[in-house]
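Under the working numbering, the first residue of the sequence shown is numbered 128, with each subsequent residue one higher. The beta carbon of each residue, even a glycine, is placed where N, CA and C say it ideally should be. What follows is a set of notes on a single structure, which appears directly below.
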Amino acid sequence: AAPPASDLHYPPSLISNDLDDLGIGPEEEALYSARHDDRVERPREHNKHRHLSGRYQNYHEEVCATKKGWKELYESVDVDGNEVIILNSIGGQNQTYYSYECISPCTACKGVMGFSMCKMRYTYVKMYYQLKYGRRSSEPKWDFVEVPSHCACELLPEDAIDAECPQSRQ
């Protein structure tokens with residue numbers, strides 16, 4: 128029998144706007160940071176481009192606030208568009224995936240001019256499931272199902288009608 132959900136210890140859910148959580152080094156962090164005008168020229172044989180001096184200011188606010196954490200999935204859609212039921216408790220463990228979800232979907236993106244909206248985007252992960260409807264003898268199988276993967280800022284024309292967020296005009 129599977130242990131009760133209260134006994135399972137998953138990493139805590141994180142809500143963060145901090146680049147430290149990404150586990151990236153200073154060079155990669157510079158790509159996500161505002162640059163000052165104090166640059167250092169490196170020798171031409173090394174690289175033709177100018178480089179940062181190492182001093183830069185970080186902005187720790189996301190355009191679309193995101194909640195990160197481990198999630199269990201109970202229902203989804205497979206790659207063919209069929210509704211499926213995820214079969215948890217495989218060998219005593221539930222199936223989980225790491226998710227980045229919009230905290231406030233269908234709201235304006237922070238700091239973006241014009242009409243924009245934070246929207247969920249999805250990807251596929253392999254899970255053990257069976258079809259929810261249709262063939263009664265649907266055998267459980269391993270295949271790809273849709274899961275929420277990240278929150279994206281979508282730029283839209285002023286007069287756009289959005290099926291996902293029909294009443295979100297701001």
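For residue i, name the three-state secondary structure that DSSP assigns.
i, result
"residue 196", "strand"
"residue 260", "coil"
"residue 250", "strand"
"residue 212", "strand"
"residue 191", "coil"
"residue 283", "coil"
"residue 268", "strand"
"residue 244", "strand"
On a CA-only basis, which of the options is nearest residue i? Give me that one, please.
i, options, result
"residue 269", "276, 261, 257", "257"
"residue 245", "291, 266, 201", "291"
"residue 220", "188, 278, 233, 199", "199"
"residue 194", "227, 222, 210, 284", "227"
"residue 277", "202, 212, 232", "232"
"residue 247", "206, 235, 261, 280", "280"
"residue 250", "288, 206, 189, 188", "206"
"residue 261", "209, 289, 204", "209"
"residue 212", "222, 265, 201", "201"
Might you give, ordered along the chain, the residues of its own chain that have their beta carbon closer than 7 angstroms to the beta carbon of residue i, omitting 5 neighbours on each side?
i, result
"residue 252", "224, 271, 272, 274"
"residue 241", "282"
"residue 238", "190"
Sorted by chain position, which residues of the same chain lie with C-beta nearer than 8 angstroms to residue i's C-beta, five sequence neighbours on each side aside?
i, result
"residue 267", "214, 255, 256, 257"
Closer than 7 angstroms, CB to CB, is residue i near chain C or not?
i, result
"residue 254", "The structure shown contains no chain C, having only a single protein chain."
Which residue or residues does DSSP assign as beta-bridge partners of residue i?
i, result
"residue 274", "250"
"residue 226", "196"
"residue 202", "212"
Take residue i and list the residues in its own chain whose beta-carbon comes closer than 6 angstroms to its own, dropping the five residues that flank it on each side.
i, result
"residue 230", "192, 194"
"residue 285", "242"
"residue 234", "245"
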